[in-house]
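Visitor: Mind having a look at this structure? Questions to follow.
Numbering (the working numbering), first residue to last: 578 to 948.
This is the structure:
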């Protein structure tokens, strides 16, 4: 079975890139096709694997900031010739699922989310944009929504990374899907004997992550907060810090993050995510989670056992959850055991079995009737 892997982009490491790493560990001879990549910022086997970039790879500014070239992504993926493959496994939250395959190629898409900025989260993305940007974006996104819907028909089987995403796949694409939760590297993370007196955020600093909300809450509560991560919102978030107890550390190595996870009093997850792997990394470290009660967190956090929820993305609602948390006790061993149910070895077995089963099924199904 000749298999190709397709991923939206690889300019840095994140949760989706960990999924692709696991794909490559299963299908270790596969080539990855992607719009742009930056080997210097990749880790593990991704650093040295076979990667084919699109024509955007030749544009330096596209490698530095792929988001500016978003309208060209459909063309980038449609230009890949994958006709010689038996199976294509795409990892998509944007345009990777739009690759073109021949009728004998089985295309399985692991969907992290239907295009967030194209559908119901579109309004959240543009709410702080200027008039000129809004004017252009609304026309571009109209085209992108049509392409996104049409390109979903090119997928033979959808895997959703959560029940939450499965609902959105049905809503926007009218396609059924199979849920396989993303992997957590539970063996990498460990439980510390002692907890320190700080709350933790590990996140890409983007609007929808709502890290600015966490900063506002801890400005008010005067409690220690450590924020690890970088992104387009960093300067705005730093400007909002008024309490000396809040530290913005920027991007850190896995070893540093591992240490902060294990010693944190609690992990904060204020945004609405499609799934969200960081709460599970925290739980694999024996650390409870304070999360917004919507989206993927409802599938990874067990209320009053591995964390607590707040119902509104407001300072008062999140503050109440932090205060409630401070009067509770949690069992680090039980928290860790919960996270182990999402271990990457379990994920890899499920993915391999799914690909084997569906690729055989695809060949058996007759897609015609002769009269």
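Where is the CB? At the ideal position from N, CA and C, for every residue including glycine.
Measuring alpha carbon to alpha carbon, tell me which residue in 945, 948, 940, 946 is nearest residue 664.
Guide: 940
Visitor: Do the region 758-777 and the region 852-861 meet, that is, are 3 or more Cβ pairs less than 8 Å apart?
Guide: yes
Visitor: Are the region 837-846 and the region 594-602 in contact at 8 Å, needing three or more beta carbon pairs?
Guide: Short answer: they don't touch.
Visitor: So, with DSSP's three-state summary, where would you put residue 877?
Guide: Reduced to three states, the DSSP call for residue 877 is helix.
Visitor: Report yes or no: do the region 771-781 and the region 793-807 share at least 3 C-beta pairs separated by less than 8 Å?
Guide: Touching, per the Cβ criterion.
Visitor: Among the candidates 888, 918, 916, 884, whose CA atom is the shortest distance from the CA of residue 904?
Guide: 884
Visitor: Count the C-beta pairs between the region 716-731 and the region 812-823 that are closer than 8 Å, then say yes if the count reaches three, no if not.
Guide: no
Visitor: Distance, Cα to Cα, residue 649 vs residue 642?
Guide: 13 Å
Visitor: If we count the other Cβ atoms within 10 Å of its Cβ and call it buried at 16 or more, is residue 735 buried or exposed?
Guide: buried
Visitor: Return helix, strand or coil for residue 640, following the three-state DSSP convention.
Guide: Annotated three-state conformation of residue 640 is helix, per DSSP.
Visitor: Roughly how many angstroms lie between the CA atoms of residue 701 and residue 653, to the nearest whole one?
Guide: 27 Å
Visitor: How long is the line joining the alpha carbons of residue 754 and residue 743, rounded to whole angstroms?
Guide: 6 Å
Visitor: Out of 757, 586, 819, point me to the one whose CA is closest to residue 851's CA.
Guide: Restricting attention to 757, 586, 819, the CA atom closest to the CA of residue 851 is found in 757.
Visitor: Of all the options 813, 678, 688, 834, which has the alpha carbon lying nearest to the alpha carbon of residue 746?
Guide: 688
Visitor: Who are the Cβ neighbours of residue 682 in its own chain at under 8 Å, not counting the five residues just before and after it?
Guide: 659, 660, 662, 663, 664, 665
Visitor: When you compare the region 695-715 with the region 607-625, are there three or more beta-carbon pairs, one atom per stretch, that lie closer than 8 Å?
Guide: Using a Cβ-Cβ distance cut-off of 8 Å, the region 695-715 and the region 607-625 are not in contact, since fewer than three pairs of beta carbons, one from each stretch, lie closer than that value.
Visitor: What residue does the beta strand (DSSP E) around residue 609 start on, and which one ends it?
Guide: 608-611
Visitor: Along the chain, where does the alpha helix (DSSP H) containing residue 922 start, and where does it finish?
Guide: 921-941
Visitor: Suppose you measure from the CA of residue 887 to the CA of residue 869; what does that come to, to the nearest Å?
Guide: 5 Å
Visitor: Using a Cβ-Cβ distance cut-off of 9 Å, determine whether residue 780 contacts chain C.
Guide: Given the protein chain composition of this structure (a single chain), no chain C is represented.
Visitor: Label residue 837 either buried or exposed according to how many other C-beta atoms from any shown protein chain fall within 10 Å of its C-beta, with 16 as the threshold for buried.
Guide: buried
Visitor: Give every residue of the same chain whose Cβ lies closer than 6 Å to the Cβ of residue 590, excluding the five residues on either side of it in the sequence, and list them in chain order.
Guide: 620
Visitor: Looking only at its chain, what residues have a beta carbon closer than 7 Å to the beta carbon of residue 699, apart from the 5 residues adjacent to it on each side?
Guide: 718
Visitor: Determine the direct distance from the alpha carbon of residue 871 to that of residue 889, and round the result to whole angstroms.
Guide: 9 Å
Visitor: Which class does residue 579 belong to by DSSP, given the choice of helix, strand or coil?
Guide: coil
Visitor: Take residue 957 as the anchor and find which of 807, 814, 738 has the nearest alpha-carbon.
Guide: A question about residue 957 goes unanswered here, because the residues of the chain that appear run from 578 up to 948.
Visitor: Indicate the three-state DSSP secondary structure (helix, strand or coil) for residue 824 in the structure shown.
Guide: strand
Visitor: In the DSSP assignment, find the unbroken beta strand (DSSP E) run with residue 666 in it and report its ends.
Guide: First-last of the beta strand (DSSP E) with residue 666: 664-669.
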